[in-house]
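Here is the structure we will look at, set down as structure tokens.
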Amino acid sequence: MAARPSGEAAPPIGRPEASAAESMVCYTVNHAARLLGQAIACRLAALGVTTGQLPTLLALYAQDGQTQTQLARRTGVEQPTMAVNLRRMERDGLITRTPDPADARRALVHLADKARAVRHDVQALRSRIDTEALAGFTPAEHEQLRGMLDRLVHNLNTLTAEPCDPAM
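Our numbering numbers the first residue of the sequence shown as 51 and each following residue consecutively.
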């Protein structure tokens, strides 16, 4: 490994030295998302919840008693993925399913006691992670970052709305 020239700063801890490709914003956003995911996963595990289950729990915390289709739409996942997620959540004692009185072919998904018991902890954990991840940011920087990330998500939603063309 070559010696670093005198006075040249080392990369931030946890971030490799950036090549030309890695200096792209997309790499940094992806890297930040992975680190955020790791921090959340570790803390959720102590509550008996996985990161894959979190969006569904949050949707049910907002409105209990939804169908699989409603949950898939609200969380932005495909129906088959939601079906697998719900089976696992039922196995883990986080949800129950009951027949929909309006249409017996459908089931309504409800929070089980275990999910209700960790609701406060899950929501506090999300707030704590936000606070820790944004340490050193001013409130104005926080709002600016949120606005930029919202625009980035909008742009990417537009980009991914079309079928993938491998030639591009």
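Where a beta carbon is used, it is the ideal one built from N, C-alpha and C, also for glycine. It should be emphasised that the depicted structure is a prediction, and the values quoted were computed from it without experimental measurement.
Contact check, residue i vs residue j, beta carbons under 7 Å
i	j	result
Thr-106	Gly-87	no
Ile-90	Ile-179	yes
Leu-175	Arg-123	no
Ala-162	Gly-143	yes
His-192	Leu-184	yes
Tyr-77	Arg-169	no
Residue i (DSSP reduced to helix, strand or coil)
i	result
Gln-173	helix
Asp-114	coil
Ala-185	coil
Pro-149	strand
Ala-53	Note that Ala-53 scores a pLDDT of 48, beneath 50, so its modelled location is shaky and nothing firm can be said.
Val-99	coil
Leu-202	helix
Val-75	helix
Val-168	coil
Outcome for residue i when other beta-carbon atoms lying within 10 angstroms are tallied against a minimum of 16
i	result
Met-139	buried
Val-159	buried
Met-51	For Met-51, the predicted model reports a pLDDT of 45, less than 50, meaning its position is unreliable; a value from the coordinates is still stated below. Counting Cβ neighbours within 10 Å, Met-51 comes out exposed, since fewer than 16 surround it.
Ala-59	Bear in mind that a pLDDT of 49 at Ala-59, under 50, signals an unreliable position, so the number given afterwards is only what the model happens to contain. Result: exposed.
Ala-152	exposed
Leu-85	exposed
Leu-136	buried
Rounded separation between residue i and residue j - CA only
i	j	result
Val-79	Thr-131	24 Å
Val-203	Arg-155	35 Å
Leu-206	Val-127	15 Å
Asp-215	Thr-208	14 Å
Gly-98	Glu-212	37 Å
Gln-113	Leu-104	14 Å
Lys-164	Thr-125	21 Å
Minimum C-alpha distance to residue i - residue among the options
i	options	result
Arg-147	His-170, Leu-121, Asp-200, Val-168	Leu-121
Val-172	Val-203, Glu-212, Ala-109	Ala-109
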